[in-house]
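S.K.: Numbering (the working numbering), first residue to last: 33 to 214. Cβ coordinates follow ideal geometry from the N, Cα and C atoms, glycine included. This structure is a prediction, so every number in the text was calculated from the model and none was measured.
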Amino acid sequence: LSYTINMNGLNQSEVLALRKKYGYNELPRTRQRRWYHMLFDQFKDILIVILLVAVVISAFHDITEAIVIGIIILLNAGVGFFQEYRTEKTLEALQKMINPKIRVIRGGREAMIDTRELVPGDIVVLAEGDKIPADGEVVAAHNLRIEESALTGESVPVEKKVDDEIMMGTSVVRGSGIFHVQ
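Written out as structure tokens, the structure is:
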């Protein structure tokens, strides 16, 4: 390491200064879109606009053809809307799930805090079953194995040693350790 890590953790004034500089450890909130905006957006695609023009032109020549094209447009808009709506609801559910508690060392004492309260420089204590709440560097490890398949595609947990990097979104499947939030 090119710098010294304070194993007593950060004090309250350091936490406040770092939070002011970096903000909370959370995914940025997206503005919720109303369902009718999502539905209207399905008709903004240039191909859909061309098909709508084709419906109008076909209506003057062959009403059956215009109806068929119109049904295709409505089916396409319905499927697109349904997929986008479900994605929005899934993201909302994920936002609510990503706020578990984690053990940290602050001011020489171990404490449980919300993961959103983490700041760079925090010392995090890991145990089996913990989700890694932020990117960091391992400073102590005891048979520490991390499941990284979501990020790397590796099918087996990876052993982590001192100075190894760990990534947010992975999880501890065996052992214990301490890491420094970067």
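Which two residues bound the contiguous alpha helix (DSSP H) that contains Val85?
M.R.: That run of the alpha helix (DSSP H) goes Ile78 to His93.
S.K.: Counting C-beta neighbours from all protein chains within 10 Å, is the total for Ala125 16 or more, i.e. buried, or is it exposed?
M.R.: The residue is exposed, with fewer than 16 neighbouring Cβ atoms inside 10 Å.
S.K.: Please report the straight-line C-alpha distance between Ile95 and Ala86, rounded to a whole angstrom.
M.R.: Approximately 11 Å between the Cα atoms of the pair.
S.K.: What residue does the beta strand (DSSP E) around Arg141 start on, and which one ends it?
M.R.: Arg141 to Asp146 is the span of the beta strand (DSSP E), which, as asked, contains Arg141.
S.K.: Relative to the C-alpha of Ser187, which candidate in Asn175, Val81, Ser45 and Val205 has its C-alpha closest?
M.R.: Ser187 has its Cα closest to that of Val205, out of Asn175, Val81, Ser45 and Val205.
S.K.: Considering only residues of the same chain and omitting the five flanking positions on each side of Gly209, which have a CB-CB separation below 7 Å?
M.R.: These residues qualify, in order along the chain: Leu158, Val170, Ala172, Ala173, His174, Leu176 and Lys192.
S.K.: As a quick exercise: from Leu83, Gly207 and Leu50, pick the residue whose alpha carbon is nearest that of Val100.
M.R.: For Val100, the nearest C-alpha among the options comes from Leu83.
S.K.: Output needed for Gly207: all residues of its chain with C-beta closer than 8 Å, excluding positions within five of it in sequence on either side, in chain order.
M.R.: For Gly207, where only same-chain residues beyond five positions count, the Cβ hits under 8 Å are Glu160, Ala173, His174, Asn175, Leu176 and Arg177.
S.K.: Using the Cα positions of Ile145 and Met70, report the straight-line distance between them to the nearest angstrom.
M.R.: Between Ile145 and Met70, the C-alpha separation is close to 37 Å.
S.K.: Could you compute how far the alpha carbon of Asp195 sits from the alpha carbon of Gly168?
M.R.: Each residue's alpha carbon lies about 9 Å from the other.
S.K.: By DSSP's criteria, Gly209 is part of a beta bridge. Which residues make up the other side?
M.R.: The partner list for Gly209 (beta bridge, DSSP) reads Leu158 and Ala173.
S.K.: Measure the Cβ-Cβ separation of Arg135 and Val156 and say whether it is below 9 Å.
M.R.: For Arg135 and Val156, yes; Cβs fall inside 9 Å.
S.K.: My understanding is that Lys163 touches Pro132, with C-beta atoms under 8 Å, so please give their C-beta distance in whole angstroms.
M.R.: Confirmed, about 6 Å.
S.K.: Alpha carbon to alpha carbon, how far is Val81 from Ala109?
M.R.: So the alpha carbons of these two residues sit roughly 12 Å apart.
S.K.: What are the boundary residues of the alpha helix (DSSP H) that includes Arg51?
M.R.: Counting along the chain, the alpha helix (DSSP H) containing Arg51 begins and ends at Gln44 to Tyr54.
S.K.: My understanding is that Asn57 touches Ala166, with C-beta atoms under 8 Å, so please give their C-beta distance in whole angstroms.
M.R.: 6 Å between Cβ atoms; contact.
S.K.: Could you give the DSSP three-state label for Ile134: helix, strand or coil?
M.R.: Strand, per DSSP.
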